[in-house]
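Mapping to full-length UniProt numbering: the sequence shown position 94 is 94, numbers consecutive. Just so it is clear, CB atoms sit at the ideal spot from N, CA and C, and this is done for glycine as well. All values derive from a computational prediction rather than experimental measurement.
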Amino acid sequence: MTRRSPQEKKALSYARDARNCYGQSDKGSRKAIARNKRANVRADRRREQVVLVQARPDDIDSELKRERLPSKRWRKLADAPLADVVAGKLRRRAAAGIIDEEQAEAKIARMPRVSRRTP
Numbered sequence: 001m002t003r004r005s006p007q008e009k010k011a012l013s014y015a016r017d018a019r020n021c022y023g024q025s026d027k028g029s030r031k032a033i034a035r036n037k038r039a040n041v042r043a044d045r046r047r048e049q050v051v052l053v054q055a056r057p058d059d060i061d062s063e064l065k066r067e068r069l070p071s072k073r074w075r076k077l078a079d080a081p082l083a084d085v086v087a088g089k090l091r092r093r094a095a096a097g098i099i100d101e102e103q104a105e106a107k108i109a110r111m112p113r114v115s116r117r118t119p
């Protein structure tokens, strides 16, 4: 394993590190993921129960077992790369007038970029 320079470490950090940026606390998302999965499964069971209650006993064996309703699907969103999050913050500050737009773009241009697949 070779030694990395601080500049190389910073570039790898911008490429590999990720931030939770979909408007939820990173601690709360642990519980929310399980809750959202449970809610979807519960909704599927409810929909199937309504169909079974409304059906006649003869229909249950033949039709309903063949034609299942598509299940509701909840998917996790991937965290955003740190470089994208920092660039977005700089652009937001420039739009709000906190810093100059030229200054923000200069900082974004100076950010080290490395492909995400670097070992």
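Which of helix, strand or coil DSSP assigns to residue i
| i | result |
| --- | --- |
| Ala80 | strand |
| Gln24 | coil |
| Ile98 | coil |
| Pro112 | coil |
| Ser13 | helix |
| Pro6 | helix |
| Asp39 | The question names Asp, yet the displayed sequence has Ala at residue 39. Helix. |
| Arg75 | coil |
| Arg91 | helix |
| Glu48 | helix |
Sheet register partners of residue i (DSSP bridge)
| i | result |
| --- | --- |
| Ala18 | Pro81 |
Beta-carbon gap between residue i and residue j smaller than 8 angstroms
| i | j | result |
| --- | --- | --- |
| residue 128 | Ala15 | For residue 128 there is no data in the structure shown, the boundaries of the chain being 1 and 119. |
| Asp84 | Asn20 | no |
| Ala87 | Ile108 | yes |
Cβ contact check for the region 70-85 and the region 39-56: 3 or more pairs under 8 angstroms: Using a Cβ-Cβ distance cut-off of 8 angstroms, the region 70-85 and the region 39-56 are in contact, since at least three pairs of beta carbons, one from each stretch, lie closer than that value.
So does the region 19-36 actually touch the region 91-111, counting three or more Cβ pairs closer than 8 angstroms? No, the region 19-36 is not in contact with the region 91-111.
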